[in-house]
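Numbers given in our numbering equal positions in the sequence shown, counted from 1, plus 288.
Glycine included, each C-beta is placed from N, C-alpha and C at the ideal position.
No experiment lies behind these values; they were computed from the predicted model shown.
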Amino acid sequence: MAAVQLAKKAFTVPPTVRTLPSGVPSASLITFSAREPAGHGHEHGHSAAPRRDAPSKWVGSVTQSQSAGLVSRLNFTAPTTGVFQKRLLHASVPAKDAPQVPDFSHHEAKSESTNRALSYVMVGSLGVLSASVAKSTVTDFLSTMAATADVLAMAKVEIELASIPEGKNAIIKWRGKPVFIRHRTADEIQEARGTNWKSLRDPESDENRTKKPEWLVMVGVCTHLGCVPIGEAGDYGGWFCPCHGSHYDISGRIRKGPAPLNLEIPEHSFNDADGLLVIG
Numbered sequence: 289m290a291a292v293q294l295a296k297k298a299f300t301v302p303p304t305v306r307t308l309p310s311g312v313p314s315a316s317l318i319t320f321s322a323r324e325p326a327g328h329g330h331e332h333g334h335s336a337a338p339r340r341d342a343p344s345k346w347v348g349s350v351t352q353s354q355s356a357g358l359v360s361r362l363n364f365t366a367p368t369t370g371v372f373q374k375r376l377l378h379a380s381v382p383a384k385d386a387p388q389v390p391d392f393s394h395h396e397a398k399s400e401s402t403n404r405a406l407s408y409v410m411v412g413s414l415g416v417l418s419a420s421v422a423k424s425t426v427t428d429f430l431s432t433m434a435a436t437a438d439v440l441a442m443a444k445v446e447i448e449l450a451s452i453p454e455g456k457n458a459i460i461k462w463r464g465k466p467v468f469i470r471h472r473t474a475d476e477i478q479e480a481r482g483t484n485w486k487s488l489r490d491p492e493s494d495e496n497r498t499k500k501p502e503w504l505v506m507v508g509v510c511t512h513l514g515c516v517p518i519g520e521a522g523d524y525g526g527w528f529c530p531c532h533g534s535h536y537d538i539s540g541r542i543r544k545g546p547a548p549l550n551l552e553i554p555e556h557s558f559n560d561a562d563g564l565l566v567i568g
């Protein structure tokens, strides 16, 4: 450690006329470098002690001001030691160039063909699973668009033909619409088929409108504005629409009035074994 030498210098302050608070005049000369003379009788064999009026080591200078009297200037200077020591910060875990990776060599495939077969199996299984999920999704989506149970129940209607006597009409409800069922007599069949149908507004033969000559099945909605015609009425002995005066013959063909088309023929079939008419 380097030795630091302190230079001491005596300062002589000129006389002052100021007095202390006790009324005693201040000393005319103050020498801060003065020490107590040796052999003053207080050492008792010890080294000489510094005087109390000597400034401390950290006092740099003393000056005098005309207004304030004595003023001391303090300089704080930390001595240098001359010895420097490096402080190194390090972690407790030693640094490594690469992380520790477990050894998976015993899990590797022994041959390339085995590894390829496993890849094919995984890809095939994933494809089958994806196709199954896609099929299920499409099926569920299409099922939401299908007809409900009550609509399917109304899709087909069965009627016992024996309950409708010859020369009479029956009206049933199918898909929210009225359906006319006419059990025609032999004279009505002859009249319907003897008409020159080619000259009609909507040309259609009676043979094309019936599957059995004695049974006429039609949707009971006027083709003009959707009214329901009245059976066994009109100028041609068939049906008459009172809304705008449309007349239909015994085959349901338009003969007079504003209606542009014949009465519609729905899809129907006959079950001769059970004697049923199936509409729809």
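Boundaries (first-last residue) of the alpha helix (DSSP H) holding residue i
| i | result |
| --- | --- |
| V421 | E400 to M433 |
| E495 | D494 to R497 |
Cross-strand partners of residue i (DSSP beta bridge)
| i | result |
| --- | --- |
| H471 | W503 |
| L565 | I447 and F558 |
| G519 | W527 |
| P466 | K461 |
| I542 | Y536 |
Among the options, the one whose alpha carbon lies nearest that of residue i
| i | options | result |
| --- | --- | --- |
| W485 | K461, D494 and I477 | D494 |
| E492 | N550, N403, Q478 and L406 | N550 |
| G455 | K444, D562 and I538 | I538 |
| R271 | G563, N496, V516 and R489 | Lying before the first or after the last residue shown, residue 271 is absent from the chain, which here runs from 289 to 568. |
| H532 | S420, A547 and D562 | A547 |
| A480 | Y524, G563 and L430 | Y524 |
| T511 | I447, G522 and Y536 | Y536 |
| R497 | S557, P466, D562 and H394 | S557 |
| D562 | T402, L449 and H394 | L449 |
| N457 | W527, A434 and D560 | W527 |
N- and C-terminal bounds of the beta strand (DSSP E) containing residue i
| i | result |
| --- | --- |
| Y536 | S534 to Y536 |
| K461 | N457 to W462 |
Presumed contact (8 Å Cβ cut-off) between residue i and residue j, rounded CB distance
| i | j | result |
| --- | --- | --- |
| W462 | G540 | Not really, about 16 Å apart at Cβ, beyond 8 Å. |
| I477 | F468 | About 16 Å; that fails the 8 Å criterion. |
| L564 | I452 | Contact flag wrong, Cβ pair sits at about 12 Å. |
| V421 | P466 | The pair is not a contact, with the Cβ atoms about 47 Å apart (cut-off 8 Å). |
| C529 | G545 | 7 Å |
Would you call the segment 468-476 and the segment 491-511 touching, i.e. three or more CB-CB distances under 8 Å?
-> yes
Between the segment 504-523 and the segment 537-556, do at least 3 Cβ pairs fall closer than 8 Å?
-> yes
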